[in-house]
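Asks: Mind looking over this structure? Questions follow.
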Amino acid sequence: MRNAPSLVILAAGMGSRYGGLKQLDTFGPNGETIIDYSVYDAIRAGFSKIVFVIRKSLEQEFIETILAKLPTSISVELAFQDISKVPGNVSIPETRRKPWGTGHAVWTVGGQVNEPFAVINADDFYGFAAFQQMADFLKNTDTSANLPAWCLSGYALVNTLSKNGTVSRGLCKVNEENKLLSVRELKEIERNENEIVANLPEGKKLTLTGQEIVSMNFWGFTPAIFPILNKYLAQFLEKYATSEKDEFYLSEAVNQMLMEKRASVQVLISSDQWMGVTYPEDKMEVKQQLAELIARGAYPSKLWENAVN
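Right under this line is the structure:
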């Protein structure tokens, strides 16, 4: 094994549409969070370290709810996404409450991650096969390559929609070798009676088939991304430092890197079952799907009961 990869879990989101902290909500039969299942799968796949990106105000609750039950066999660190922690001497308005987005969250861990690493959302369930694919890629990636080789776990759009409202997804354009050519963030995708449409900002609608490959923010990187993110984030803040809502999206940063030929990204098509919660009404369906996986033997009923400490 050339590299023992780390896993960065983005858990600083506000959960505005969900109406609460999705990252700490329970979905398993014995109080398991979605994070618990992700860490469980990551350990099985060969990840050696977990870095949680959280807000400082969540630290104690996060330690009690998540960290206290994790096995000591896995290295765990916290990184704090702070609105005022940005490159350069930028003045941030005191009225800003919303975190700066997924790109800023990954930038935050730059001083803590020196090995190939994956990035996931705290409130998305990706499935063990996706973690295994990701770990295998990262273990064998060349960290000294002139053109960094990264990857993305891709899912069919139709398998990532909510029955309860619109969702945001990164629409991927790939070539015949499943290399990522571009990723476009679509923020209002919904399934109507007969079609799937994305509502575009200019008032237009984009009709989709559902078979398009989308990003669920499960990326694989090398540390080469950090100086590029630093540059892009500084450029973003030159325009939006006084904004109260604009975000620095990881997908948009990667798209810019692709346009500038700073890296290549292999799309790993996942056949696994993705699950997630955008709205409170999504919770029951996720609980039912987890119960089915447990009944099939994919996970133990008590996830950490036999964990190695």
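Each residue of the sequence shown is one higher than the last, beginning at 16 in this note's numbering. Backbone N, C-alpha and C fix where the C-beta goes; we use that ideal spot for every residue, glycine too.
For Asn129, tell me which candidate among Glu262, Ala120, Lys64 has the shortest Cα-Cα distance.
Replies: Along the sequence shown, one-based indexing puts residue 129 at 114. If we check each option's Cα against that of Asn129, Lys64 comes out closest.
Asks: Please state whether DSSP places Trp122 in a helix, a strand or coil.
Replies: Residue numbering aside, residue 122 sits at position 107 when the sequence shown is read from its first letter. Looking at Trp122 - three-state DSSP - the assignment turns out to be helix.
Asks: So for Val229, helix, strand or coil by DSSP?
Replies: Sequence index remark: in the sequence shown, residue 229 carries index 214 (1-based). If DSSP states are grouped into helix, strand and coil, Val229 belongs with the strands.
Asks: Taking the CB atoms as reference points, tell me whether Glu200 and Tyr264 lie closer together than 8 Å.
Replies: Walking along the sequence shown from the start, residue 200 turns up at place 185. Walking along the sequence shown from the start, residue 264 turns up at place 249. Closer than 8 Å, so yes.
Asks: Within a Cβ cutoff of 6 Å, which residues of the same chain sit near Gly34, ignoring the five residues on either side of it in sequence?
Replies: Stepping through the sequence shown from its first residue, residue 34 is reached at position 19. Any answer about Gly34 is weak, because its pLDDT of 46 lies below 50 and its placement is not dependable; what the coordinates show is given next. Counting only Cβ-Cβ distances below 6 Å, and skipping sequence neighbours, we find Pro295.
Asks: Of all the beta strand (DSSP E) runs that stay within the bounds of the segment 72-109, which reach a length of 3 or more residues?
Replies: The qualifying runs are 90-95.
Asks: So is Ala27 buried or exposed if we call it buried at 16+ other beta carbons inside 10 Å?
Replies: Against the sequence shown, residue 27 aligns to sequence position 12. Looking at its Cβ environment, which holds 16 or more other Cβ atoms inside 10 Å, Ala27 is buried.
Asks: For Glu200, list the residues DSSP reports as bridge partners.
Replies: For the purposes of this step, residue 200 is taken as residue 185 along the sequence shown, with counting starting at 1. Gly185.
Asks: Can you tell me the Cα-Cα spacing of Lys113 and Glu262, whole angstroms?
Replies: As a first step, residue 113 is located in the sequence shown; it is residue number 98 there, counting from the start. As a first step, residue 262 is located in the sequence shown; it is residue number 247 there, counting from the start. Computed Cα separation, rounded: 8 Å.
Asks: When you compare each of Thr110, Asn207, Asn232 to Tyr170 by their alpha carbons, which one comes out closest?
Replies: Within the sequence shown, numbered from 1, the residue matching residue 170 stands at position 155. Taking only the C-alpha atoms, the option nearest Tyr170 is Asn232.
Asks: State the CB to CB distance for the pair Gly235 and Ala133, rounded to an integer number of angstroms; the pair is presumed to be in contact (CB under 8 Å).
Replies: Within the sequence shown, numbered from 1, the residue matching residue 235 stands at position 220. Within the sequence shown, numbered from 1, the residue matching residue 133 stands at position 118. With 8 Å as the limit, Gly235 and Ala133 qualify as a contact, their Cβ atoms being about 5 Å apart.
Asks: For a minimum of 4 consecutive residues, which ranges assigned as the alpha helix (DSSP H) are wholly contained in the segment 235-304?
Replies: Segments of the alpha helix (DSSP H) lying fully in the segment 235-304: 240-255, 265-274.
Asks: According to DSSP, which residues form a beta bridge with Arg206?
Replies: Within the sequence shown, residue 206 is the residue found at index 191, counting from 1. Per DSSP, Ile211.
Asks: When the distance is taken between beta carbons, is Pro102 closer than 8 Å to Glu259?
Replies: Indexing the sequence shown from 1 puts residue 259 at position 244. Indexing the sequence shown from 1 puts residue 102 at position 87. The answer is no: Cβ separation not under 8 Å.
Asks: Could you tell me whether the Cβ atoms of Lys298 and Phe42 are closer together than 8 Å?
Replies: If you number the sequence shown from 1, residue 298 lands on position 283. If you number the sequence shown from 1, residue 42 lands on position 27. Result yes, Cβ atoms of Lys298 and Phe42 sit closer than 8 Å.
Asks: Are the segment 183-192 and the segment 218-228 touching by the rule of at least three beta carbon pairs closer than 8 Å?
Replies: Cβ pair count under 8 Å is three or more, so yes.
Asks: Report buried or exposed for Gln96, applying the criterion of at least 16 other Cβ atoms within 10 angstroms of its Cβ.
Replies: For the purposes of this step, residue 96 is taken as residue 81 along the sequence shown, with counting starting at 1. By the neighbour-count rule (16 or more Cβ atoms within 10 Å), Gln96 is buried.
Asks: Assign Val323 to one of two classes, buried (16 or more other C-beta atoms within 10 Å of its C-beta) or exposed (fewer than that).
Replies: Position 308 of the sequence shown, counted from the start, is the residue given in the question as residue 323. Since pLDDT at Val323 reaches only 49, below the 50 mark, its modelled position is unreliable, and no value is offered.
Asks: If the criterion is Cβ atoms closer than 8 Å, does the pair Leu162 and Leu273 meet it?
Replies: Locating residue 162 in the sequence shown gives position 147, where the first residue counts as 1. Locating residue 273 in the sequence shown gives position 258, where the first residue counts as 1. No.
Asks: Where does Asn155 fall in DSSP's three states?
Replies: Residue mapping note: residue 155 aligns to position 140 of the sequence shown, counting from 1. If DSSP states are grouped into helix, strand and coil, Asn155 belongs with coil.
Asks: Classify Gln38 as buried or exposed, calling it buried when 16 or more other Cβ atoms lie within 10 Å of its own Cβ.
Replies: As a working note, residue 38 is residue 23 in the sequence shown. By the neighbour-count rule (16 or more Cβ atoms within 10 Å), Gln38 is buried.
Asks: Cβ of Asp56 within 8 Å of Cβ of Phe152?
Replies: Position 41 of the sequence shown, counted from the start, is the residue given in the question as residue 56. Position 137 of the sequence shown, counted from the start, is the residue given in the question as residue 152. No, Cβ-Cβ distance for Asp56 and Phe152 is not below 8 Å.
Asks: Note down the Cα distance separating Arg59 from Asp51, rounded to an integer number of angstroms.
Replies: For the purposes of this step, residue 59 is taken as the residue at position 44 of the sequence shown. For the purposes of this step, residue 51 is taken as the residue at position 36 of the sequence shown. Spanning the two alpha carbons is a distance of roughly 12 Å.
Asks: Give me the DSSP bridge partner(s) of Ala164.
Replies: As a first step, residue 164 must be located in the sequence shown, where it is residue number 149. Looking at the DSSP assignment, Ala164 forms a beta bridge with Ser279.
Asks: DSSP three-state label for Lys64, please.
Replies: Residue 64 sits at position 49 when you count from the first residue of the sequence shown. Lys64 falls in the strand class under three-state DSSP.
Asks: When every heavy atom of the ligand PLP is checked, does at least one fall within less than 7 Å of the C-beta of Glu205?
Replies: Absence of the ligand PLP is noted for the structure shown, with no ligands found whatsoever.
Asks: Are Leu172 and Ile135 close, meaning C-beta to C-beta below 8 Å?
Replies: For the purposes of this step, residue 172 is taken as residue 157 along the sequence shown, with counting starting at 1. For the purposes of this step, residue 135 is taken as residue 120 along the sequence shown, with counting starting at 1. No; because the gap between Cβ atoms is not below 8 Å, this pair is not in contact.
Asks: Can you tell me whether DSSP reads Asn18 as helix, strand or coil?
Replies: Mapped onto the sequence shown, residue 18 falls at position 3. In the structure shown, Asn18 sits in coil (DSSP, three-state: anything other than H, G, I, E or B).
Asks: Out of curiosity, what's the CA-to-CA distance linking Asn207 and Lys178?
Replies: Against the sequence shown, residue 207 aligns to sequence position 192. Against the sequence shown, residue 178 aligns to sequence position 163. Their Cα atoms are separated by approximately 9 Å.
Asks: Do you know offhand how far Ile24's Cα is from Ser106's?
Replies: Counting from 1 along the sequence shown, the entry for residue 24 is found at position 9. Counting from 1 along the sequence shown, the entry for residue 106 is found at position 91. If you take the alpha carbons of Ile24 and Ser106, they lie about 27 Å apart.
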